[in-house]
Amino acid sequence: MKEQLQELLIESLSALLAEGVINELPAKVRLDHTKDKSHGDYATNVALMLAKQAKCAPKVLAEQIIAKLSNSSLISKTEIASPGFINFFLSEATNSAVVTEILNSADDYGLSNVGAGKRALLEFVSANPTGPLHVGHGRGAAYGATIANLMRAVGFEVDNEYYVNDAGRQMDILTVSIFLRYLSIFGEELRFPDNGYQGDYIQDIAKSVVAEYGERWRKGAGELFEDICKDEADGGDKEAHIDALIVRSKQVLGEGYQAVFRVGIDSILSGIKDDLAEFGVDYQQWFSEQSLIDSGLAKSTTDTLQDTDHIYEKDGALWFKTTDYGDEKDRVVVRDNGIHTYFASDIAYHLEKFDRGYDKVINIWGADHHGYIARVKASIAALNHDPEKLEILLVQFANLYRGGKKVKMSTRSGSFVTLEELRNEVGNDAARFFYVMRKSEQHMDFDLDLAKSKTNENPVFYIQYAHARICSVLRQAGEKEITVNASNADLSLLVEDGEKSLLKELSRYKGVVESSALQYEPHQLAYYLKDLAACFHSYYNACPFLVSDESLTQARLALVIASKQVLVNGLSLLGVSAPESM
RNA sequence: GCGCCCAUAGCUCAGCUGGAUAGAGCAACGGCCUUCUAAGCCGUAGGUCAUACGUUCGAAUCGUAUUGGGCGCACCA
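Per this note's numbering, the very first residue in the first sequence carries number 1040; after that it's consecutive.
Structure, rendered in structure tokens:
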């Protein structure tokens, strides 16, 4: 009905335009829900916006706008409030119509088509497959999955994609780490490199290698470490040390190197996939970095840039002139040792994304990668695509708190809390909700104790409890042999304050979904659901639903069932369950 | 040093892209269970929206400067 009201308003403005009272229509006609019910149901500031070009006082213009407003059964009255707002009071029938609409649309209520079927590619998480996902990745996962749900709800076609960095040096370090642990299982005496992956999961993967290959790839530690430069703890350079070990391992292992690598990446990747799936995060595509190298696209993209003079050579390395496109400094794409950088394949990856013909290309990155934005956009521009089409959403880190104290984490040493551990501790519902409850660019403190608590300070339980309470009411109705006939209820009986505010709250839902989706702000929906639940709890305490007056019972049940539907729809967009009882 | 993000009640955070008297939850205080789940509700108290200028009918919101915090500035990913 907001749309209808808006149309009426535009009609009126067009009439004024025809009469020359105003010179042009505003870009958008804002119609807002009012905070204060003495201001009616909706208010617009158009008269204030247009007063200057109409060269008259806002209040005078407001009167003219109202005069041109055609009669409609929607509106019961209009008022002008200083300095020039027009307040609309809707008729009771208009307000309660939302219940009918919700009941008719059911699970589809809240869906719209502002996205008009445009295709969007949403890349998120994309953590290096060098270990299990940790709580930092969890935020990106929950955020991305929710954005995808929201965008689909408003009519976009969305593909979720995970970019798998299965090529490059990190993979070599992973392989060597597994290999060394594998050797240790057979009692080989060796010093594990400072720069290797220390986590326990590496030991587990090494055991899998044993299970699959037995002693087949066993080599002597002496052979492996002979003449290798010193590690950091021994006064050497840890980078050089591990690089030397990588080269040696490849020599010593031959085809076994690939075999060990395979076991490692398969194990880690399947762990990540299971983890995300259990978290309710689904992907349409898993895009391999290695595939860009195998297909030659990485190479050909670099060649193209070289042919178009975007790349030059310096100090034995190939540099991409990203400064031509506003970056702070030029970036290396091929190192002096001939190995391409991560950036090089990333250029090809983004080119590939654009070539797939999406209308929107969206990346969700950890905020620590913000320095990377300029160079990626530069590469898109250099390859004759519109860098504006790439939208990069940054997600800040999440700190865990337990007992009021920050949980310390460090990735290198392997002492991090994994996403799986978090999910096991607080549950998927609380994790999903908490992650998106905060604005993504805001640092968040994830309070583990709060996420587990079962009081109204925990918003997840608060909202779910509202849903469970409604289910309970409906069960009671069944026990009392009340036949619920919501769609035929006489909604004009809903006149209590609690009912009016609940109706108003319900009518906000569609707009919240749309706004959350278009602005990539799931927290708007999270807050809305909290407000809706509050509205319901308040109503629940103020009015009994199952009363002796049968038609009143039916009307209240209709309202309550509509509320339940919106809670279910909203929670499902957030990936949170709606339990029938708690 | 340069760049990006942030600063709102004692605490954790919203504030619908410039609107009307800045809102929730927690913590504090006072009430509500013989009646649909008290995992709930009602009320009281709590603010120089970091600071200072500016933009205009109107600023927590936009601009500039300052202060204070986070992150980034690799031939790592």
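Yeah, the Cβ is synthetic: ideal placement off N, Cα and C, and Gly gets one too.
First and last residue of the uninterrupted beta strand (DSSP E) at residue i
i     : result
Y1351 : I1350 to K1353
Q1324 : Q1324 to S1327
S1115 : I1114 to A1120
T1083 : Y1081 to T1083
A1528 : Unbroken run through A1528: none, as it is neither H nor E.
E1533 : Inspection of the sequence shows that residue 1533 is occupied by Leu rather than by Glu. No beta strand (DSSP E) holds L1533; DSSP gives it neither H nor E.
V1371 : R1370 to V1373
L1429 : L1429 to V1434
K1399 : K1399 to G1405
Supposed close pair residue i, residue j - CB separation, criterion 8 Å
i     : j     : result
F1455 : H1173 : 4 Å
Q1503 : I1141 : Not confirmed; about 19 Å, so no contact.
A1155 : G1183 : Not a contact, Cβ separation roughly 22 Å.
L1568 : E1544 : The pair is not a contact, with the Cβ atoms about 10 Å apart (cut-off 8 Å).
L1161 : I1419 : About 17 Å; that fails the 8 Å criterion.
Q1290 : A1206 : Wrong, their Cβ atoms sit about 20 Å apart, outside the cutoff.
G1355 : D1342 : Their Cβ separation, rounded to whole angstroms, is 18 Å, which puts G1355 and D1342 out of contact at 8 Å.
L1044 : L1056 : 19 Å between Cβ atoms; not a contact.
P1561 : I1186 : 7 Å
Beta-carbon proximity list for residue i, same chain, < 7 Å, skipping 5 on both sides
i     : result
D1425 : none
L1213 : T1169, Y1236 and G1303
E1251 : V1302
S1216 : G1235, Y1236 and I1241
S1554 : Q1563
S1590 : D1529 and L1532
A1337 : L1331, H1379, A1383, S1384 and A1387
Start and end residues, alpha helix (DSSP H) containing residue i
i     : result
I1378 : Run containing I1378: none; DSSP gives neither H nor E here.
Y1202 : Careful: Y1202 lies outside any alpha helix (DSSP H), inside the beta strand (DSSP E) at E1196 to V1203.
V1249 : D1239 to Y1252
D1146 : Looking at the DSSP string, D1146 is not in any alpha helix (DSSP H), and its letter there is neither H nor E.
N1463 : L1458 to V1465
F1163 : That residue, F1163, is in no alpha helix (DSSP H); it is neither H nor E in DSSP.
A1490 : L1487 to K1491
Residue i burial status per 10 Å Cβ neighbour count (16 or more: buried)
i     : result
H1482 : exposed
P1122 : exposed
R1441 : exposed
V1615 : buried
V1586 : exposed
R1178 : buried
K1416 : buried
S1546 : buried
N1497 : buried
D1282 : buried
Residues of its chain near residue i, where Cβ-Cβ distance is below 8 Å and the 5 sequence neighbours each way are ignored
i     : result
W1256 : F1218, Y1221, V1248, L1292, G1295, A1298 and V1299
H1349 : F1359, K1360, D1363 and A1421
K1277 : P1232, D1233, N1234, D1270 and E1271
S1109 : L1047, E1050 and S1051
S1620 : A1507, C1510 and S1511
Whether residue i touches residue j by CB criterion (8 Å)
i     : j     : result
F1472 : L1613 : yes
E1581 : L1533 : The amino acid at residue 1581 is misidentified as Glu; the sequence shows Ala. Contact flag unset, no.
N1167 : N1204 : yes
L1439 : F1393 : no
G1149 : Y1548 : yes
I1521 : V1599 : no
F1128 : S1115 : yes
L1564 : G1517 : no
A1490 : V1465 : yes
E1042 : S1531 : no
L1263 : R1230 : no
I1119 : A1093 : no
N1134 : L1606 : no
T1347 : A1387 : no
V1434 : I1412 : no
I1224 : K1258 : no
S1577 : G1537 : yes
Y1201 : F1326 : yes
M1210 : A1136 : no
N1467 : F1584 : no
G1405 : F1436 : yes
Own chain partners of residue i with C-beta closer than 6 Å, once the 5 adjacent residues on each side are dropped
i     : result
W1358 : Y1351, D1369 and V1371
S1540 : C1574
A1082 : D1071, T1073, F1124 and N1126
E1459 : D1314
V1552 : G1149 and A1192
D1398 : K1157 and R1158
Residue i CB to nearest heavy atom of the ligand ADP below 7 Å
i     : result
L1429 : This structure lacks the ligand ADP, and indeed carries no ligand of any kind.
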